[in-house]
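Heads up, the thing below is written out as structure tokens.
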Amino acid sequence: MRVLGLYCGHDASAAVVEDGKVLIALEEERLTGTKKQGGIPARAIMYICQALRCSPWDFDEVCVATPNLHSGRTHAEDTNSVLRMYPNARLVPHHEAHAALAYVWSGFPECTVLTLDGGGADYFGSVNYCSGGHIERVASLRKDEDEAFGMLYYYVTEALGFTPNRHEGKVMGLAASGRDLGLFDGLFWVDGEHIRSAGKREENIVFRRLNSMVAQYTRMSSPLSRDDIAASCQAAFERTLLQWVKGNTVGKLAVSGGCFANVLTNMKIANLVEDFYVAPPMMDDGLSIGAALSAFLWCHVGSASLVARPRHMYFGLPPSAFLWCHVGSASLVARPKHMYFGLPQEPRHIWKPESVAKYLSRGYVIGLFQGAMEFGPRALGNRTILADPRDKSINKTLNERLSRTEFMPFAPVILEEYAPEILEDYEVGKANAPFMTSCWKVKEEWVSKIPAVVHVDGTARPQVISRDVNPFYYDIVKAFYDMTGIPCLINTSFNTHEEPIICFEQEAQWALKTGRVDVLVRG
Ligand SMILES: [Fe+2]
């Protein structure tokens, strides 16, 4: 059974799942170039149909996830338009799609699934117990009772002058430099399966307290620094979430939803539970896959065989995909000057991992473009920028070249067999390690060796790789290790500030031409 899954809120996406396995999945933002693109994922559907050589109506089933509450009326109308296009489509509630993705991909036949975000349809979260391919919801966090907690980071991000729903990671990065002054203490409390807050959204005390903080902050009359506000926010978020998780988890735990994008909290959750899995596309972009997977759970209730953890996230377009989304652009009309359209005389340069490693060890910044594009918020080796982690100053220079303003260092990609040597309490095979969904403490002796990838609190957010998942990527890191004794590199997404990760080769070549990277490697 081939199912098309769609999501039309912010982070719109489309995915095709066949017999429980993802064939292709695309975020609309990668195709339009607009970060967090919302609405009908028309281009994603178009490219999917091109890749699968089918029409938009050649699917056995279409499943559409309901949009985020804060997406506004537009995205609700977009969802309705899609339902008119596919009158027999199933509408999958937002948190059911989050839960289906977390459960099926966790690889845990029996587990607890928790979902929590800023608000989806009528709910902000859910508590589910799953076994044998069946998800039993035991509690829903209602919008009128539990809204504030899922929106805490949103409010604080806005209050500190960043763009909410986009720059929450910057606030988390700032938190490590500040002091927890208990600014949000007593505003949230766990009540069984629910997270209560002091008042409803409109008259929420959190809101009022934030507003007064911002007023003080902008007058510069407050002893509070931006870092202290961020640290207080992270501390309150962490305390409450950990208590909620602890009180509601039986056995292994799988999670999804925007609240679980907080890698510092995820690190602490991992120590609380028997085993822990974060859905790699935990934000709403994962809902197209989640909606499609929920169709399989409906059709195969009682079948635990559907539960299987994917080893990679390379579900996107292959490198050969051509940028043909500029329909209507007159600049594409150009008369050819020759007819030499046959095979080139010289074969394309084939890169050896050793030569890439040599460039890296000399301080060059490498753009790596290969294979199918990654799905989810992280670049995982196919649309990636690589650099030497030994030089801390690269955080400044590379951020400048990419026009980024970050408060966290870059993240490392680490060879699996050396991860226990670098990371504290790391065991080989950890579920979250390949997808950058959790942090680890870096061992003391490694902090000075790889300063560019260690945060001020001594943590790093690694991607741990094994050779079978991405051989060329692995071999580059291995060759760098053979040359320098350092089994890791900086891995940052191949994009500039406020842009989504690149999709097409033309974009990679543009990055080379404009000096964003020194060398472009086509794997
Ligand atoms: Fe969500």
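Mapping the sequence shown onto the numbering used here, position 289 (from 1) lands on 395, and the numbers just tick up by one.
Glycine residues also receive a C-beta, built at the ideal position from the N, C-alpha and C atoms.
Since this is a predicted model, take the numbers as computed values, not measurements.
Close beta carbons around V553, own chain, < 7 Å, minus the five adjacent residues each side = V560, G564
For L110, name the three-state secondary structure that DSSP assigns.
-> strand
Those runs of the alpha helix (DSSP H) which lie wholly inside the region 190-249 and span at least 4 residues | 200-212
Quick one: grab the DSSP three-state call for L626.
-> strand
Can you tell me whether I456 is buried or exposed, with buried defined as 16 or more other CB within 10 angstroms of its CB?
-> exposed
With distances taken between CB atoms, is the gap from E299 to N354 smaller than 8 Å?
-> yes
Where T590 falls: helix, strand or coil (DSSP) = helix
Own chain partners of R108 with C-beta closer than 6 Å, once the 5 adjacent residues on each side are dropped | E124, F165, D166
What does a CB cutoff of less than 6 Å around E452 pick up in its chain, not counting 5 residues either side in sequence?
-> A caution first: E452 carries a pLDDT of 46, below 50, which makes its placement in the model unreliable, though a value can still be read off. Cβ within range, chain order: n/a, list empty.
Which one of P270, H273, Y260, D333 has the shortest CA to CA distance from D286?
-> D333
Distance cut-off 7 Å: N368 Cβ against heavy atoms of ligand 1 | no
Going by DSSP, what residues sit across from P518 in a beta bridge?
-> I596
Using the Cα positions of I491 and Y579, report the straight-line distance between them to the nearest angstrom.
-> 11 Å
Look at G111 and C169 and say whether their C-beta atoms are less than 8 Å apart.
-> yes
Span of the alpha helix (DSSP H) around E550 | 550-553
Confirm the yes/no value for this check: CB of N271, any heavy atom of ligand 1, distance under 7 Å.
-> no
Would you kindly report the start and end of the unbroken beta strand (DSSP E) that includes A120?
-> 119-124
Going by the C-beta, is G213 closer than 7 Å to any heavy atom of ligand 1?
-> no
Quick one: residues in its chain with C-beta nearer than 7 Å to the C-beta of S509, no 5 flanking neighbours on either side, listed in chain order?
-> T602, H603
Based on Cα-Cα distance, which residue from F230, A517, A336, K584 lies nearest to F268?
-> A336
Would you report the Cα separation of N597 and D117, rounded to the nearest angstrom?
-> 23 Å
Whole-angstrom distance between S400 and P557, CA atom to CA atom | 43 Å
Given A195, which residues of its chain have a CB within under 6 Å of its CB, disregarding the five upstream and five downstream residues?
-> V168, V170, L189
Any idea which residues DSSP pairs R489 with across the strands?
-> F475
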